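Since the structure comes first, as structure tokens, the remarks are kept for the end.
Residue numbers (our numbering), protein chains in the order written: chain A, 22 to 409; chain B, 4 to 700.
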């Protein structure tokens, strides 16, 4: 095994996905010698490419709201700052209510969201139909509308981060699986892979659905378990006036159903299974399409003639309370966790990357410690995310 | 209004069909009941069906096989594939200009997804392999469902007007493909235990081992078989060259579908790229439909198809350019000409060898890829699966029939049904039927000028033996017992009775008969003839040619005759001098088309060529990604969108692989793209189980 200086890094990130790649960009821009390792053959081939592209700050807790507000800002300005088209669109999110119980849930959250400074309002049916005229009007009670939320192409965004990170000197090693860690006393000292050994004093676990397996190699147990969701995409059609629609009514074996029209004109839709389907299985099931199609047409009858092009199934790295796990390990010095994004890696990624970079470079903003306290690996995990 | 339909054909009957009317951009057009919208539009010389949303380039028919989505139109405001959808009375059809605008709808429809249903065997594909397997399963009484995406069974057999090669004993050698389709369909339908769904597309195999099928184009069903047989055939390979997305650049299958199935006349002047059997036969089909063939280019130094097919085409007046490739299809919204050039041993075009031909259509026949994704998925998900025919291995239809039979019995045995073991020699017969053309024997120059005898212009070893069964005196035999050996006439005997059955029945049209009995100086040559008779005004003179198309002379036609019991091949009697009578192998049907010499066109034009038709991604874009180090096609897809379009990478993946090879990167270093459902796009309403009938109540 080689021990030359080219194998010594300031930071090694495990996982070239929605978290790892923006983080590599932030760290390498800050001048840190950064290596990203991924078992897949190219960037974003784990769960990033499975994401549907929604980016919102409409959450129910201060940490995610703060991080995602920054992510929205980064994505909104991406093309001006970096020059790449990431298919960004700011068309808002709308959580719709067709029953009083959803109306009550959403309105209760609104109070908290307003306190946290979010630009979100309750729209009664006529106002909601102004922003989403094709919604089924029968029994529609109204819904929230947060105009600053949007969407982008997860693939293009990540690839843009990847290219700029390389320009800033970050290195990416693909098709390389982490097999173990090296320690010096209680401190992390390096990573072993099926190809080589690398040294670094800081190692960041950003392995998404595979984060628990990676942590295990360091003798650390973390509460991240993937469950799977299926999604689909249609042919492109002319622009339809519609924000991201989220329907939180449970229907047969599903909880949330959500969809939006991507910048390419395609409708992208996704179901949250209920109960969760735990495990790593990412093979397509036969139940998804008929169920998703029925839920879609119950919301937008106009979509009956749009043709479905492709479906896929991806993993959500879930935590016990539905919030990410971000922070230093107490057990092993130098081992940082940026895991358990619960299916929101894309929207958390760029904001979180900057935050982690500030922590690593020891230049935190005043509110960073507070933000991180909500996401601490050592929290009690006894609350529950209301807007999964 | 002039219609571009085939109104007479030497082989195909002109069907009696009911007239209906459709509207194209408000204009009332006559169509036939049972024909596709695409064919109805082609019959009115409408070749541009819309313009691509990305670059505004014109689009039209490309695959005519439901695979590519280039032929989309709006029917009553809904986007549909015009090559699959049948024309119906009163349809209002509009071109698809850019992206479709969804028609409004406000009422939530009644939705009731169909319950999955179980069947022991599901066969995907009703071509030669699927039909043959279904027959074997039917014979054994095994409940089977056969689904096929077309409106008629037979697969590509229904496009084949020529007699099949192969073994007379084992398959239907000597019978025309269209007739084999009818025979197999008839036999299958005699087994009611086999259910047949036409116009039904298999869309996806799911991990719970259910197969999603779009039944009769209108409802979504989940089928749960115990065993799956994939007999879905093949898809055509394509090429990257500037102009390759122009309407009227299309695959051989599309051309044959338009001409031989739908009896429309898609072209006046055709140029063919590819000298395999598919290209050669398509050229013959074009001539039979009275379409001029301006030429054929083949990249290899020799055509890959059977020599008898090539010889036949050259004799009819088609120039074949070997070691030539296409440089560009030229024209603004339709093909106006094609430019080809000679290539060197490294397949690079040689400057100064460019040739341009006027033509209005270009047919690409550069090979086939197995449709094996269903088989791969089924195996991945643990569903017992078999594959047969081209879906398993690309070969002649005779081999597909035989492999279907074998797989049918193998499936029965797998399911535990008491089926007889498969005879050992079946496997060797199948291998023989799959053989590529073999050794070429020297042409024998016969200096024999008396009595009457056939001349077998057949010097290449191919799996074919009908001639040996045609001679009532048994005077034609194969050189060895292997059906691939070349046939011989027994000159020792003096028993040829001049029945001309060998002349009319040879699938390669490679047998002539020379009769010296009346006039040893001016014998009468019998030639097979499969064209409309009015091509030759009777008793007129024709240009006679040798096996390779070299002119021998101008000779009078004495007679055009039909022999009893023969199937549509006519016999011409031509008087010719004994000096070359034995060498006459055919007559010229069209004058060879001289190229327009257009020097020094070669530049780096090929970067403009489109690789991904759906998303209009150019070869230059893909090449620059490969040069930047991309080896994962998934990454290329991410950046360029190649493979993200309607067809799901069915057409571009092999082209991208080809670009990798051209860049000197072995495919072992290339990561293949992920293959996901659905095979073709399906409306959400159908997946949701909308019951349109209930809807309209």
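Where is the CB? At the ideal position from N, CA and C, for every residue including glycine. Keep in mind it's a predicted model, so treat the numbers as computed, not measured.
Contact of residue 176/A with chain B is assigned, a C-beta pair being separated by under 8 Å. At a cut-off of 8 Å between C-beta atoms, residue 210/B counts as an interface residue with respect to chain A. Under the Cβ criterion of 8 Å, residue 663/B is not counted among the residues facing chain A.
If you ignore the 5 residues before and after residue 304/B, its C-beta comes within less than 8 Å of the C-beta of 325, 326, all in its own chain and listed in chain order. Ranked by Cα distance from residue 203/B, the first of 212/B, 392/B, 186/B, 221/B is 221/B. Comparing alpha-carbon positions, the option among 461/B, 292/B, 279/B, 208/B lying closest to residue 397/B turns out to be 279/B.
The C-beta of residue 231/A has 16 or more other C-beta atoms within 10 Å across all chains shown, which makes the residue buried.
Cβ neighbours of residue 592/B within its own chain (closer than 7 Å, five residues either side excluded): 290, 319, 320, 534, 538.
Among the residues of chain B, those whose CB is under 9 Å from the CB of residue 180/A are 638, 641, 642, following chain order. For residue 625/B, no CB of chain A lies under 8 Å from its own CB, so it is not counted at the interface with that chain. Looking from the CA of residue 153/A, the closest CA among 260/A, 228/A, 102/A, 349/A belongs to 260/A. Where residue 165/B is concerned, there is no enclosing alpha helix (DSSP H), because DSSP gives it neither an H nor an E. Apart from sequence neighbours up to five positions away, the residues of its chain that approach residue 623/B with a beta-carbon distance below 6 Å are 610, ordered along the chain.
Using a CB distance below 8 Å, the part of the region 253-274 of chain A facing chain B consists of 255, 256, 257, 258, 259, 261, ordered along the chain.
Against chain B, the beta carbon of residue 222/A has no neighbour under 8 Å; the closest one sits roughly 30 Å away. The Cβ atoms of residue 320/A and residue 156/A lie closer than 8 Å to each other. DSSP places residue 237/A in no beta strand (DSSP E) but in the uninterrupted alpha helix (DSSP H) bounded by 232-238. Counting other Cβ atoms within 10 Å of its Cβ, residue 86/B reaches 16 or more and is therefore classed as buried.
Judged by DSSP in its simplified three-state form, residue 399/B adopts coil rather than helix or strand. Secondary structure at residue 321/B: coil, using DSSP grouped into helix, strand and coil. In this structure, residue 140/B and residue 122/B do not form a Cβ contact; the two beta carbons are roughly 11 Å apart against a cut-off of 8 Å.
A straight-line Cα-Cα distance of about 27 Å links residue 247/B and residue 329/A.
Annotation for residue 114/A: no alpha helix (DSSP H) segment contains it, though the beta strand (DSSP E) segment containing it runs 114-118. If you check the CB distance, residue 298/B and residue 596/B come in under 8 Å. Interface criterion met: the Cβ of residue 315/A is under 8 Å from a Cβ in chain B.
The beta carbon of residue 85/A does not come within 8 Å of any beta carbon belonging to chain B, so the residue lies off that interface. The beta carbon of residue 105/A does not come within 8 Å of any beta carbon belonging to chain B, so the residue lies off that interface. Excluding five sequence positions before and after residue 161/B, the CB atoms of its chain that fall closer than 8 Å to its own CB belong to 155, 180, 181, 184, 263, 264, given in chain order. Taken in chain order, the whole beta strand (DSSP E) runs of length 3 or more contained in the region 27-95 of chain A are 29-35, 55-58.
Taken in chain order, the members of the region 649-662 of chain B whose beta-carbon sits within less than 7 Å of a beta-carbon on chain A are 649, 651.
Residue 392/A is outside the set of residues whose beta carbon lies under 8 Å from a beta carbon in chain B. Setting aside the 5 residues that flank it on each side, residue 160/A is surrounded in the same chain by 119, each with a C-beta closer than 6 Å to its C-beta; the list follows chain order. Neighbours of residue 70/A across chain B, judged by C-beta separation under 8 Å: 637, 641. Here the C-alpha atom of residue 45/B lies approximately 37 Å from the C-alpha atom of residue 438/B. Counting other Cβ atoms within 10 Å of its Cβ, residue 445/B stays below 16 and is therefore classed as exposed.
Residue environment analysis places residue 182/A among the buried positions, since at least 16 neighbouring C-beta atoms fall within 10 angstroms of its C-beta.
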